[in-house]
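Residue numbers (full-length UniProt numbering): 1 to 206. Backbone N, C-alpha and C define an ideal beta-carbon position, used for all residues, glycine too. Fair warning: this is a prediction, and the values are worked out from it, not measured in the lab.
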Amino acid sequence: MINSNNQTNMENDNGAAANNFDDSTLQQNTMGSNRPPIEPYETEGVRYGKCKWFNVAKGWGFITPNDGGQEVFVHQSVIQMTGFRSLGEQEDVEFECHLTERGLEATRVSGSHGSDCHGSTFRPRTKKRHRRVRCYNCGEFANHIASKCHLGPQPKRCHLCKQDDHLFANCPTKQNSSNNSQQHSSKDEHSFNSENEANNQPGEGR
Numbered sequence: 001m002i003n004s005n006n007q008t009n010m011e012n013d014n015g016a017a018a019n020n021f022d023d024s025t026l027q028q029n030t031m032g033s034n035r036p037p038i039e040p041y042e043t044e045g046v047r048y049g050k051c052k053w054f055n056v057a058k059g060w061g062f063i064t065p066n067d068g069g070q071e072v073f074v075h076q077s078v079i080q081m082t083g084f085r086s087l088g089e090q091e092d093v094e095f096e097c098h099l100t101e102r103g104l105e106a107t108r109v110s111g112s113h114g115s116d117c118h119g120s121t122f123r124p125r126t127k128k129r130h131r132r133v134r135c136y137n138c139g140e141f142a143n144h145i146a147s148k149c150h151l152g153p154q155p156k157r158c159h160l161c162k163q164d165d166h167l168f169a170n171c172p173t174k175q176n177s178s179n180n181s182q183q184h185s186s187k188d189e190h191s192f193n194s195e196n197e198a199n200n201q202p203g204e205g206r
């Protein structure tokens with residue numbers, strides 16, 4: 001038969017071991033999740049590094065500093081260059097950064113000696129929409145407007161029948177089309193009324 005005191009001591013020892021295991025595991029996970037401390041030099045002055053990678057579609061990436069330390073987050077809005085802003089992979093850059101709750105973030109990124117960055121050769125894929133517009137100079141549906149027309153200034157003319165003795169508002173072709181439509185509508189209405197009258201007449205008695 002097991003002594004009650006011995007059993008109590010065994011339970012206490014097992015509980016202590018379990019608590020020690022939980023504490024050590026939690027400590028290891030916490031140490032692994034924490035970033036290393038930021039050194040003062042990492043947020044002071046101009047630093048140099050290379051672009052580790054940059055996502056041109058999302059507009060951000062990371063810089064690997066030449067002097068060591070943590071990687072630096074970079075957003076396209078702080079990149080010095082004209083046009084579409086991005087960084088090429090392994091592109092040499094100089095930058096300044098500050099510490100945020102998410103880590104080091106660049107506040108200015110340029111090429112060497114303050115020059116513009118070269119940027120990535122990749123561009124995000126976009127769906128191009130080709131919208132046809134009417135050029136009021138040549139009267140055609142095209143991909144340009146009157147101020148960009150290659151024909152130069154043209155005399156005013158009707159855009160429907162292409163005649164230069166009147167404008168679209170007074171075009172006889174448009175008026176004829178409108179009159180024909182009205183005539184067809186009148187004929188259809190007359191036929192409909194005649195058919196209704198015939199159907200409403202009482203039948204002849206036998």
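{"Query": "Determine the contact status of L87 and G119, defining contact as a CB-CB distance below 8 Å.", "Result": "yes"}
{"Query": "What residues match up with K50 in a beta bridge as DSSP calls it?", "Result": "T64, D92"}
{"Query": "V133: which of S147, T100, R123 sits nearest, CA to CA?", "Result": "S147"}
{"Query": "Who are the near neighbours of G69 in its chain, counting only those whose CB is closer than 7 Å to its CB and skipping five residues on each side?", "Result": "E39, E42"}
{"Query": "Taking the alpha-carbon positions, what's the R157 to T173 distance?", "Result": "13 Å"}
{"Query": "For A106, which beta-bridge partners are listed by DSSP?", "Result": "C97"}
{"Query": "Would you identify the three-state DSSP class for G111, choosing helix, strand or coil?", "Result": "coil"}
{"Query": "Please list, in chain order, all residues of the same chain as Q81 whose beta carbon is under 7 Å from its beta carbon, the five residues on each side excluded.", "Result": "Here residue 81 is Met; the residue named in the question, Gln, does not match the sequence. So the qualifying residues of the chain are D116, C117, G119."}
{"Query": "Just to confirm before moving on: does the CB-CB distance between D165 and P155 stay below 8 Å?", "Result": "no"}
{"Query": "Indicate the three-state DSSP secondary structure (helix, strand or coil) for V78 in the structure shown.", "Result": "helix"}
{"Query": "Assign I63 to one of two classes, buried (16 or more other C-beta atoms within 10 Å of its C-beta) or exposed (fewer than that).", "Result": "buried"}
{"Query": "What does DSSP give as the partner residues of N137 in its beta bridges?", "Result": "N137 pairs with nothing; no bridge assigned."}
{"Query": "Can you tell which of L99, I79, A169 has its C-alpha closest to the C-alpha of C51?", "Result": "I79"}
{"Query": "Given that a residue counts as buried once 16 or more other Cβ atoms are within 10 Å of its Cβ, and exposed if not, what is R125?", "Result": "exposed"}
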